[in-house]
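Residue numbers (numbering that gives the first Met the number 0): 0 to 279.
Everything on this sheet refers to the single structure shown next.
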Amino acid sequence: MFAEEIRSTDFLEISQGHEWIREKTGLNLIENSFLTPPRYEFSILEIDDIRYLIRLGAISVKDGKYKGAHQETRSKILGLLKMKGDLSSAMLAEELGVSAMAVRQHLRELESTGDVSSTDVRVGKGRPMKRWALTDRANSHFADRHRELVVDLLDEMEGALGSKGFNALLRRRGDSQVESYRERIDRSLPLARQVEALAAIRDQEGYMAEARAEPDGSCFLIENHCPICSAAERCSKLCSIELVVFRLCIDESIEVERVEHILEGSRRCVYRFSRRTAEP
0 MFAEEIRSTD FLEISQGHEW IREKTGLNLI ENSFLTPPRY EFSILEIDDI RYLIRLGAIS
60 VKDGKYKGAH QETRSKILGL LKMKGDLSSA MLAEELGVSA MAVRQHLREL ESTGDVSSTD
120 VRVGKGRPMK RWALTDRANS HFADRHRELV VDLLDEMEGA LGSKGFNALL RRRGDSQVES
180 YRERIDRSLP LARQVEALAA IRDQEGYMAE ARAEPDGSCF LIENHCPICS AAERCSKLCS
240 IELVVFRLCI DESIEVERVE HILEGSRRCV YRFSRRTAEP
């Protein structure tokens, strides 16, 4: 249940005063005045000491689990798996200078969050050994400069093609989107069904999109996330072309207007689809 030892970088929340702890256990605790509520720093505690403090009611434990600061160790485990590939708990323990039992506890918790997975590898005639590796999800813990890369590429393309060539490239991309969307949207269907189909496409593309029909016959496409926000901030024409794409992939009798825009400070982008009123 608990790590076999707690190093100086870890902290335990104490429900009794440190003088009381010293009197009862002989353990010397140093109060860390920078933490609120007050916590106490241990140099090194063995597992038996921790269990003894728990029995005395000195250490705050929630739901049967020790709530110390384990994040640093987990980050080191993720870093080692990133740098060295799949490793066993014993290999990780040797690298970290802690026990294999402590590492296995961290690995189980990382596995429960979907950050690592294990495979059984047979070595000789003995029992299979678990080798641990990062999952795709674990990449979110590491630096990712794809946004900066996209913006840099846009700058380079505009510099190489010139404004006219760059705008032509954006329009070509928009034409490809219209063609792709039209293949998946039946424009003979009622407006609500068309917008639902468009929302499904945009949701698959990462926009967290949903459709909403109104009593007056209009419909809203609501995009709660913009996966190209950094690029759109650099190049507002991406948003302009997006609006044109929506107008061209839906029934031509439909008017489309953007009523909320993330780049203008809104929480989301919202588009209103409605029948054009007949001109007098």
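Just so it is clear, CB atoms sit at the ideal spot from N, CA and C, and this is done for glycine as well.
Cβ shell of residue i (< 8 Å), same chain only, five flanking positions each side left out
{"i": "residue 118", "result": "85, 129, 130, 132"}
{"i": "residue 188", "result": "196"}
Buried/exposed call for residue i, threshold 16 Cβ in 10 Å
{"i": "residue 102", "result": "buried"}
{"i": "residue 235", "result": "exposed"}
{"i": "residue 167", "result": "exposed"}
{"i": "residue 176", "result": "buried"}
{"i": "residue 193", "result": "buried"}
{"i": "residue 275", "result": "exposed"}
{"i": "residue 254", "result": "exposed"}
{"i": "residue 280", "result": "Given that the chain is displayed from residue 0 to residue 279, the structure contains no residue 280 and the question cannot be resolved."}
{"i": "residue 87", "result": "buried"}
{"i": "residue 173", "result": "buried"}
{"i": "residue 160", "result": "exposed"}
{"i": "residue 114", "result": "buried"}
According to DSSP, residues forming a beta bridge with residue i
{"i": "residue 118", "result": "130"}
{"i": "residue 272", "result": "218, 255"}
{"i": "residue 86", "result": "131"}
Residue from the options whose Cα sits closest to the Cα of residue i
{"i": "residue 178", "options": "258, 152, 245, 73", "result": "245"}
{"i": "residue 257", "options": "139, 136, 273", "result": "273"}
{"i": "residue 207", "options": "268, 163, 214", "result": "268"}
{"i": "residue 225", "options": "249, 100, 263", "result": "263"}
{"i": "residue 154", "options": "241, 232, 265", "result": "232"}
Own chain residues within Cβ distance below 7 Å of residue i, not counting five before or after
{"i": "residue 146", "result": "229"}
{"i": "residue 252", "result": "274, 275"}
{"i": "residue 198", "result": "208, 209, 210, 220"}
{"i": "residue 150", "result": "229, 230, 233"}
Contacts around residue i, its chain only, beta-carbon distance under 6 Å, and the 5 residues preceding and following it disregarded
{"i": "residue 8", "result": "Per-residue confidence for residue 8 stands at a pLDDT of 37, beneath the threshold of 50, marking its modelled position as unreliable; the derived number appears in the next sentence. Once the five neighbours on either side are set aside, the close Cβ partners of residue 8 are 71."}
{"i": "residue 223", "result": "207, 267"}
{"i": "residue 94", "result": "79"}
What ranges does the beta strand (DSSP E) occupy inside the region 192-229, keeping only unbroken runs of at least 3 residues that lie completely in it? The region 192-229 is shown to contain whole beta strand (DSSP E) runs of 3 or more residues at 208-212, 218-222, in chain order.
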